[in-house]
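The next block holds one structure in the form of structure tokens; read it before the comments.
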Amino acid sequence: MSASGALTRRFTRHATLFMSVSVLTGLLAQDLARLLAPLVIFASMGAMFLTALRLDRRLLLGWIRRPLIPISIVLFTTLVIPAMVIALTRTGALSPSVALACALIAATPPIISVGPYCVFLGTDNELLSLSVLPATAVGILTLPFYASLAGLPGLEPARLALELLAVVGTAMGGAVLIRLFIPLERVERHAPALDVGALLLMVTVAIGVTDGLASLILAEPAVVVEAFVVTAVLSLVLQALGWLAFYRFGARIGGSVALVNGLRNMALLLGLLIGQVDASLQLLLVLGQLQLFLLPSVMRPIYRRLGVAPDQAALP
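Position in the sequence shown counted from 1, then plus 478, gives you the numbering used here.
Written out as structure tokens, the structure reads:
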């Protein structure tokens, strides 16, 4: 292996750590975070595009022919989990704002840009790419209902649904168009470079989303720490539930469901609610988005111990 190849593999091997460090970098360098904030959506699209280039058509067709698991993932993440979390938050054990935040996060569809996480953690890119798009469609329809049930009526996600369609359609559609002319074998020759590119784009996102957060931390550190702990614990609990529900189908499937069950599309939720809810709830949601970049470094050794690793072959 060439020196550059070895360097890129080492770089991507520590991808989750780079994402965590990027959050700290953004907090310490708020001017940089402010500079990168407008690029967040484009960097997200770029990362989605690069990982979509590596989707294996054969594996996708394999899951399409065996639709039970993808359908189960959609129903589990968009219907079962929100109902379960809302029921638990009604026990009175949590403060109203924390309970509402937990319910809203659980009712939000899984992250769409799941590809980079699959590359870095070893979960099934084809299975999750096939699952998260219909899960997003279902989640956009069910989120207003669950939000009303949790105590926040009046959500209107139609505009955001169109924006999501444009983002996903551009990134995924571009990858599909290129793959019509370039086979997977040629794409995989450049896999290390594509992985590094996706990582650099995710680092851009991780720094950009911290814009303005440092002042909040300095103003109310205790509140921020509490919100951080709540959102981290919620994500880890949701991942554990996903694993327990699906690990019988194999470690890789269990880990894949854990991933999308615990990492939700906080950008969608923030787009709907920012400026329309009180400051404490908004802070919880912002820190919920931050977990997308901080938790993978914790998740990676856990997933590896459970039998999920980036070097596994994905055979449905």
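All C-beta atoms, glycine included, are put in the ideal place defined by N, C-alpha and C.
- According to the DSSP assignment, PRO574 belongs to the alpha helix (DSSP H) that extends over 574–585.
- Between the region 504–519 and the region 576–588, the count of C-beta pairs closer than 8 Å stays below three; the two stretches do not touch.
- Between the region 528–538 and the region 648–659, the count of Cβ pairs shorter than 8 Å is three or higher; the stretches touch.
- In this structure, the CA atom of VAL755 is about 32 Å from the CA atom of TRP721.
- Distances from the CA of LEU772 to each of ALA581, THR709, GLU666 and ARG730 were compared; the closest alpha carbon is that of THR709.
- Per DSSP, SER498 is one residue of the alpha helix (DSSP H) stretching across 493–506.
- Burial is judged here by how many other beta carbons sit within 10 angstroms of a residue's own beta carbon; PRO779 has fewer than 16 and is exposed.
- Every candidate beta strand (DSSP E) stretch fails here, since none sits fully inside the region 522–567 while reaching 3 residues.
- Rounded to the nearest whole angstrom, the C-alpha separation of LEU495 and LEU761 is 24 Å.
- Per DSSP, reduced to three states, the secondary structure at ARG667 is coil, with no helix or strand assignment.
- Note on geometry: alpha-carbon atoms of VAL701 and ASP509 lie some 24 Å from one another.
- Put simply, the backbone Cα of LEU672 is about 9 Å away from that of VAL665.
- Bounds of the alpha helix (DSSP H) holding ASN739 are 729–740.
- According to DSSP, PRO588 shares a beta bridge with ARG742.
- Its chain contains SER575, LEU578 and ALA579 as the residues whose beta carbon lies nearer than 7 Å to that of LEU759, once the 5 sequence neighbours on both sides are disregarded; these appear in chain order.
- The beta carbon of ARG568 lies closer than 8 Å to those of ALA577 in the same chain, with the five residues before and after it left out.
- Per the C-alpha coordinates, the member of GLY652, LEU538, ALA571 and ARG637 positioned closest to GLU604 is LEU538.
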